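Structure first, then comments.
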Amino acid sequence: MNLVFVVILLIPTILMLLKLKMLKAIGYFIFTTGCASTNIYEKIVEQRLPKNLKFSMNLTILLHSFFGQFLDFYERFSFWDKLLHFYGSLVITLFFFHTLSKKSKFWDEQPRAILLAFLLGVFSGVLWEFAEFITDKLFSYSTQRGLDDTMYDLIVNCFGAYLASKILYKKIRGRFFWHPENKLKIGRRSS
5 MNLVFVVILL IPTILMLLKL KMLKAIGYFI FTTGCASTNI YEKIVEQRLP
55 KNLKFSMNLT ILLHSFFGQF LDFYERFSFW DKLLHFYGSL VITLFFFHTL
105 SKKSKFWDEQ PRAILLAFLL GVFSGVLWEF AEFITDKLFS YSTQRGLDDT
155 MYDLIVNCFG AYLASKILYK KIRGRFFWHP ENKLKIGRRS S
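This is the structure we're talking about:
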């Protein structure tokens with residue numbers, strides 16, 4: 005499946021090279037190589053990632069660079085940016101949870117992996133906004149369309165990370181966040 009993503013992502017890279025738009029070609033090439041990042045991670049850290057997680061991470065890259073940038077979905081569909089911020093934060097939170105809750109070359113299992121995954125998922129959204137800001141300033145793009153756009157992006161990132169954390173918590177503990185530890189028994193009174 006990785007090969008399919010790479011081939012699709014090579015299309016805009018090659019077209020930008022043919023049009024002599026070198027900066028865009030380099031950007032698309034970086035996204036193309038991003039599809040190999042999960043395999044590189046596995047080799048360096050000596051930790052296997054689930055296939056569906058690797059697929060989801062590569063899909064995030066494809067949705068952003070090919071559909072969002074190349075096919076101009078960011079301009080065509082007003083919801084695209086928010087959708088990708090939500091989905092991206094959800095996927096990156098799942099990635100951080102998986103990496104932090106499994107043994108690897110660098111760390112042991114962590115009991116607070118869900119909280120840490122949530123925080124890192126939210127933080128990755130903040131870093132993404134920094135990257136958009138820097139891109140806008142250096143290359144005169146308009147990826148950030150004002151304060152409201154940036155704030156909504158950060159809010160949606162938090163929702164994506166929260167949903168992933170809630171799903172993980174439910175999976176690990178078998179209950180939702182808001183359920184109390186000791187459930188009240190109906191019909192019983194405490195004395």
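First residue of the sequence shown: 5, per this note's numbering; consecutive thereafter.
Glycine residues also receive a C-beta, built at the ideal position from the N, C-alpha and C atoms.
Note that the coordinates shown come from a computational prediction; the quantities given were computed from them, not determined experimentally.
Worksheet item: Cβ atoms of K107 and V49: under 8 Å apart, would you say?
Response: Their beta carbons are not under 8 Å apart, which means V49 does not touch K107 by this criterion.
Discussion item. If contacts are defined as beta-carbon pairs under 8 Å, then F90 and I118 qualify, I think. What distance do you get, rounded to the angstrom?
Written reply: So it is not a contact: roughly 18 Å between Cβ atoms.
Worksheet item: What does a CB cutoff of less than 6 Å around N6 pick up in its chain, not counting 5 residues either side in sequence?
Response: So the qualifying residues of the chain are C39.
Fill in: Collapsed DSSP secondary structure at A40 in the structure displayed
A40: coil per DSSP, three-state reduction.
Worksheet item: Closest to I12 by CA distance: which of L67, M155, E46 and S41 is it?
Response: The candidate whose alpha carbon is nearest that of I12 is L67.
Worksheet entry | Inter-residue Cα distance where the pair is F143 and V8 | One C-alpha to the other measures close to 30 Å.
Item to complete: Go ahead and label G92 buried or exposed: buried means 16 or more other beta carbons lie within 10 angstroms of its beta carbon, across all protein chains shown.
Response: The residue is buried, with at least 16 neighbouring Cβ atoms inside 10 Å.
Practice prompt. Output the boundary residues of the alpha helix (DSSP H) element that contains R80.
Written response: R80 -> alpha helix (DSSP H) spans F77 to R80.
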